[in-house]
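Asker: Before I ask anything, here is the structure I am working with.
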Amino acid sequence: MDSQIVDIEQVYPDSYTQAIELIPMYCLETTKDTTKECLNVMRNFVNSQLGNNYNYLKRCRKINDENVQILVGFCDKLPDDLLIELLQINGGKPITMKMVHVSKHPPMTRKQYAEWSVHWPLYYRKPANEVTTLAKEEIKKFIHFVHIAIRVGKNFGTCQGGCVLTHNDKIIACSGDNIKNHPLQHAVMLAIEQASFKLRYLWKMKKEVHMGTSDCKSNTTDCITNHVQNAHTSECQQGPSNKKCRIGSREGDSVSGGSTPNLKFAAVDQDELVDGGAADGEDLTRLSMVNAVEDDQYLCTNYYAYLSHEPCFMCAMAMVHSRIKCVIFDELNRDNGALFSRAKLHSVKNLNHHFKVYKTVRSNS
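Heads up: the sequence shown at position 13 corresponds to 13 in UniProt numbering, and the numbers run straight through without jumps.
Structure below.
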């Protein structure tokens, strides 16, 4: 893309932007003085009508200084025994039922709440994923890592797909795609595989050190680091060199077509680290094999995924299972995009994990 990334916007579920949908219900009118008593008498009947699906609807609304309407539900007639009680409370005055139109869905934003409450008063319960505004520093950070993912894709992806996984603003894993050589080796899948490899060996070596079966006598962290680096290097250098599969290797290295691409330091230039500053020795450790990985890490919990392209359904579900915290992507995947173009998988309530999703905003020029 020739245009520049100028902003980051959050991808919300469709319910956050939908227009109001009205459904008919019935209410009865009574005086202000008898409202409380009428509500107590009608409580069980109203609950049977509305259940737990309409808890966002207030049970009554004020018409004027003297009269109040009480929401009944979908039934336009009251049971005889309930009607008799209400007549007694109302001093023998007839009970009239009226049709009203109420919102079918609860408001997810304060704007919806203000607009939809005009038809019938509503409760606004702040959703877990409330509309928020990113700070300038956070936007700058997101754009920075997205640029790294784009460069990874261009340099090492067979289809220019790139993925960067970070934790506490440190790069844990990054990979280009290998789709032209293997249909399942998308950038997200390969990056998650890298992170899994590190965590697997961290757990293994930590167990050996504490059980006393490891040959290492030095510091536990140093021992684990050395073992992970050696193990990953040996795995990534097995097999013949294949130029088409050289997704993450530096010039002179070899990568097996069936193993996880090794991106170590090749993914980004030294001046493209997290802080965007000079690349000294401390900065380079951010791209090391294990320094940024906590030894008690569970899968990819609290990891951020920066993608050059909107993920497909396979990659999106892989990030759900891996417990990714947040996904930021650049280019839309209009045919198979799972987080914006074709669906919004992160907003499916039946899933046992959800993450926030952001996409880039590019200038028109």
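Glycine included, every Cβ here is placed at the ideal spot set by N, Cα and C.
Just to confirm the assignment: which complete alpha helix (DSSP H) runs, minimum length 4, are found wholly within the segment 58-125?
Answerer: The segment 58-125 contains these whole alpha helix (DSSP H) runs: 80-89, 110-116.
Asker: In terms of DSSP beta bridges, what is Tyr-26 paired with?
Answerer: On the sequence shown, position 26 is the one that residue 26 refers to. Gly-73, Met-99.
Asker: Can you tell me where the beta strand (DSSP E) with Cys-174 in it begins and where it stops?
Answerer: Taking the first residue of the sequence shown as 1, we reach residue 174 at position 174. Its beta strand (DSSP E) spans residues 170-176.
Asker: For a quick check, are the C-beta atoms of Ile-328 and Phe-156 less than 8 Å apart?
Answerer: Your numbering for residue 328 matches position 328 in the sequence shown. Your numbering for residue 156 matches position 156 in the sequence shown. Taking 8 Å as the Cβ cut-off, Ile-328 and Phe-156 do not qualify as a contacting pair.
Asker: Indicate the three-state DSSP secondary structure (helix, strand or coil) for Arg-362 in the structure shown.
Answerer: Your numbering for residue 362 matches position 362 in the sequence shown. In the structure shown, Arg-362 sits in a strand (DSSP, three-state: E or B).
Asker: Alpha carbon to alpha carbon, what distance is there between Pro-106 and Leu-202?
Answerer: Locating residue 202 in the sequence shown gives position 202, counting from the first residue. Locating residue 106 in the sequence shown gives position 106, counting from the first residue. Between Leu-202 and Pro-106, the C-alpha separation is close to 46 Å.
Asker: Work out the CA separation of Ile-179 and Ile-8 for me, nearest whole Å.
Answerer: As a working note, residue 8 is residue 8 in the sequence shown. As a working note, residue 179 is residue 179 in the sequence shown. Looking at the two C-alpha atoms, the distance is approximately 28 Å.
Asker: What span of residues does the beta strand (DSSP E) with Gly-162 cover, start to end?
Answerer: Stepping through the sequence shown from its first residue, residue 162 is reached at position 162. Taken as a continuous stretch (DSSP letters only), the beta strand (DSSP E) holding Gly-162 covers 162-167.
Asker: Is the beta carbon of Lys-104 closer than 8 Å to that of Glu-21?
Answerer: Position 21 of the sequence shown holds residue 21. Position 104 of the sequence shown holds residue 104. A contact, by the Cβ cut-off of 8 Å.
Asker: So, Ala-195 versus Ile-172, is the Cβ gap smaller than 8 Å?
Answerer: For this step, residue 195 is matched to residue 195 along the sequence shown. For this step, residue 172 is matched to residue 172 along the sequence shown. Yes, the Cβ-Cβ distance between Ala-195 and Ile-172 is below 8 Å.
Asker: I need the boundaries of the beta strand (DSSP E) containing His-309, first residue and last residue.
Answerer: The residue you call residue 309 lines up with position 309 of the sequence shown. Note, His-309: beta strand (DSSP E), 304-309.
Asker: With a threshold of 7 Å on Cβ separation, who are the neighbours of His-354 within its own chain once the five nearest residues in sequence on each side are excluded?
Answerer: Start at 1 with the first residue of the sequence shown, and residue 354 comes out as number 354. Only His-346 meet the Cβ criterion.
Asker: Between Thr-158 and chain B, is any beta-carbon pair separated by less than 8 Å?
Answerer: No chain B is present in this structure, which holds just one protein chain.
Asker: By Cβ distance, which residues of its chain are closer than 6 Å to Val-41, with the 5 residues on each side in sequence left out?
Answerer: On the sequence shown, residue 41 is found 41 positions in, with the first residue counted as 1. Taken in chain order, the residues that qualify are Glu-85.
Asker: Helix, strand or coil for Asp-335, going by three-state DSSP, please let me know.
Answerer: Start at 1 with the first residue of the sequence shown, and residue 335 comes out as number 335. Coil.
Asker: Would Thr-166 and Tyr-303 be called neighbours here (beta carbons separated by less than 8 Å)?
Answerer: One-based indexing of the sequence shown puts residue 166 at position 166. One-based indexing of the sequence shown puts residue 303 at position 303. For Thr-166 and Tyr-303, yes; Cβs fall inside 8 Å.
Asker: In three-state DSSP terms, what is Thr-34?
Answerer: For the purposes of this step, residue 34 is taken as the residue at position 34 of the sequence shown. In this structure, Thr-34 counts as helix in the three-state DSSP scheme.
Asker: Who are the near neighbours of Cys-38 in its chain, counting only those whose CB is closer than 7 Å to its CB and skipping five residues on each side?
Answerer: Taking the sequence shown and counting its residues from 1, the one referred to as residue 38 is at position 38. Excluding residues within five positions, the ones whose Cβ falls inside 7 Å are Thr-30, Ile-70, Leu-86, Ile-89.
Asker: Measure the CB-CB distance between Leu-28 and Val-102 and report whether it falls below 8 Å.
Answerer: Counting from 1 along the sequence shown, the entry for residue 28 is found at position 28. Counting from 1 along the sequence shown, the entry for residue 102 is found at position 102. No, Cβ-Cβ distance for Leu-28 and Val-102 is not below 8 Å.
Asker: Between the Cα of Glu-193 and the Cα atoms of Asp-65, Val-361, Asn-44, Leu-299, which residue gives the shortest distance?
Answerer: Reading the sequence shown from its first residue, position 193 is the one you call residue 193. For the residues Asp-65, Val-361, Asn-44, Leu-299, the minimum Cα distance to Glu-193 belongs to Leu-299.
Asker: Just to confirm the assignment, what range does the beta strand (DSSP E) spanning Val-6 have?
Answerer: Sequence index remark: in the sequence shown, residue 6 carries index 6 (1-based). Counting along the chain, the beta strand (DSSP E) containing Val-6 begins and ends at 5-10.
Asker: Assuming the contact rule is C-beta atoms closer than 8 Å, Tyr-16 and Thr-109 should be a hit. Round their C-beta distance to whole Å, please.
Answerer: For the purposes of this step, residue 16 is taken as residue 16 along the sequence shown, with counting starting at 1. For the purposes of this step, residue 109 is taken as residue 109 along the sequence shown, with counting starting at 1. Indeed, because the Cβ distance is near 6 Å, the residues count as touching under 8 Å.
Asker: Assign Asp-14 to one of three DSSP states: helix, strand, or coil.
Answerer: For this step, residue 14 is matched to residue 14 along the sequence shown. Helix, per DSSP.
Asker: Write down the C-beta distance between Met-99 and His-186 rounded to the nearest angstrom, noting that I regard them as a contact closer than 8 Å.
Answerer: Translated into positions along the sequence shown, residue 99 becomes position 99. Translated into positions along the sequence shown, residue 186 becomes position 186. That belief does not hold up - the Cβ atoms of Met-99 and His-186 are roughly 53 Å apart, past 8 Å.
Asker: Answer with buried or exposed for Gln-18, where buried requires no fewer than 16 other C-beta atoms within 10 angstroms of its C-beta.
Answerer: Counting from one through the sequence shown, the residue named residue 18 turns up at place 18. Burial call: exposed.
Asker: Distance, Cα to Cα, His-321 vs Arg-61?
Answerer: On the sequence shown, residue 321 is found 321 positions in, with the first residue counted as 1. On the sequence shown, residue 61 is found 61 positions in, with the first residue counted as 1. If you take the alpha carbons of His-321 and Arg-61, they lie about 45 Å apart.
Asker: Mind checking who Lys-356 pairs with in its DSSP beta bridge?
Answerer: For the purposes of this step, residue 356 is identified with residue 356 of the sequence shown, where counting begins at 1. Answer by DSSP bridge pairing, in chain order: Cys-326.
Asker: Is it right to say Pro-183 is buried, meaning 16 or more other beta carbons lie within 10 angstroms of its own, or is it exposed?
Answerer: As a position in the sequence shown, residue 183 is number 183, starting the count at 1. Its Cβ having fewer than 16 others within 10 Å, Pro-183 is exposed.
Asker: What residues in its chain sit with their C-beta under 6 Å from that of Ile-95, if we drop five residues either side in the sequence?
Answerer: As a working note, residue 95 is residue 95 in the sequence shown. For Ile-95, where only same-chain residues beyond five positions count, the Cβ hits under 6 Å are Leu-28, Leu-86.
Asker: Keeping to the same chain, check which residues put their C-beta closer than 7 Å to that of Ala-316; ignore five residues upstream and five downstream.
Answerer: As a first step, residue 316 must be located in the sequence shown, where it is residue number 316. Around Ala-316: Ala-338, Leu-339, Leu-345.
Asker: Measure the C-alpha to C-alpha separation of Asn-352 and Ala-343 and round it to an integer number of angstroms.
Answerer: For this step, residue 352 is matched to residue 352 along the sequence shown. For this step, residue 343 is matched to residue 343 along the sequence shown. Looking at the two C-alpha atoms, the distance is approximately 17 Å.
Asker: Give me the Cβ distance between Ser-308 and Asp-330, rounded to the nearest whole Å; I'm assuming they're in contact under 8 Å.
Answerer: Numbered from 1 along the sequence shown, position 308 holds the residue referred to as residue 308. Numbered from 1 along the sequence shown, position 330 holds the residue referred to as residue 330. Sure, about 5 Å apart at Cβ, within 8 Å.
Asker: Just curious, the alpha helix (DSSP H) that His-321 is in, first and last residue?
Answerer: Here the question's residue 321 lines up with position 321 in the sequence shown. From DSSP, the alpha helix (DSSP H) with His-321 extends over 313-321.
Asker: Within the same chain, show all residues whose beta-carbon is closer than 6 Å to that of Leu-50, passing over the 5 residues directly before and after it, in chain order.
Answerer: Walking along the sequence shown from the start, residue 50 turns up at place 50. Around Leu-50: Gly-73.
Asker: Please report how far the alpha carbon of Glu-310 lies from the alpha carbon of Leu-332, in whole angstroms.
Answerer: Position 310 of the sequence shown holds residue 310. Position 332 of the sequence shown holds residue 332. C-alpha separation (whole angstroms): 5 Å.
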